[in-house]
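Its first residue numbered 1, the sequence shown is counted upward by one per residue in my numbering. A virtual CB, placed ideally from N, CA and C, is assigned to each residue, including glycine. Remember, predicted model here, so these are calculated numbers, not experimental data.
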Amino acid sequence: MTTRHAPPTRARADRIGVRAREEVESAYRARAAEAAEVTEAARTPEGPRSARPEPFQAVSEGAADAYRWALARAEHGPVTGAPTRDVPDLARLTAEADAAAVLLDDPVCPPDKRAYVRGVHDALAWLCGQSDEHAV
């Protein structure tokens, strides 16, 4: 007996994980803009204009990288570095989120890396339907 896999339907192609592609695009643009704003503010002589803690930038960068990867605009997973060319399926998104969770539980993970990984984890947890909250 042969098992045939149905081709992805239009509904599936319009989703990344459990979220609509448009939602992911919007979340990506917001996180990327936040990361760029904080980076630019840090370059000015006055320093950052917001009262957000420094790891905020790393969290935003991690979330932006996770969304970029999920949208198939990055060649490697943000935590594992696993190569990818297409939009990752739910299993790959979950595996990357799990890898981030392992790093978050590692007591020797440096604070700046932990902040970045927190952003990745929160973004991927949202994409996988494990959380209703956007990253950051």
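Are TYR28 and ARG68 close, meaning C-beta to C-beta below 8 Å? yes
Verify whether the separation of the beta carbon atoms of ALA63 and VAL120 is less than 8 Å. yes
Identify, in the order they occur along the chain, each residue of the same chain with its Cβ nearer than 6 Å to the Cβ of LEU124, setting aside the five sequence neighbours on each side. ALA66, LEU93, GLU96 and ALA97
Threshold first: 4 residues or longer. Then list the alpha helix (DSSP H) segments lying entirely within the stretch 51 to 132, N to C. 55 to 70, 90 to 104 and 111 to 127
For ARG137, which beta-bridge partners are listed by DSSP? Nothing about residue 137 can be reported from this structure: the residues present for the chain run from 1 to 136 only.
Could you tell me which of PRO78, GLN57, GLU133 and VAL18 sits nearest to ALA100, measuring between CA atoms? PRO78
Can you list, in chain order, the residues of its chain with a C-beta nearer than 8 Å to that of SER131? Leave out the 5 residues immediately preceding and following it. ASP122 and ALA125
Burial state of PRO107 (16 or more Cβ within 10 Å): exposed
Could you check which residue in ASP86, ARG73 and ALA58 has the C-alpha nearest to that of GLU25? ARG73
Between ALA58, ASP105 and LEU103, which has its C-alpha nearest GLU37's C-alpha? ALA58
Measuring only the C-alpha atoms, how far is ALA20 from ASP14? 6 Å
Own chain residues within Cβ distance below 7 Å of ASP86, not counting five before or after: ALA72
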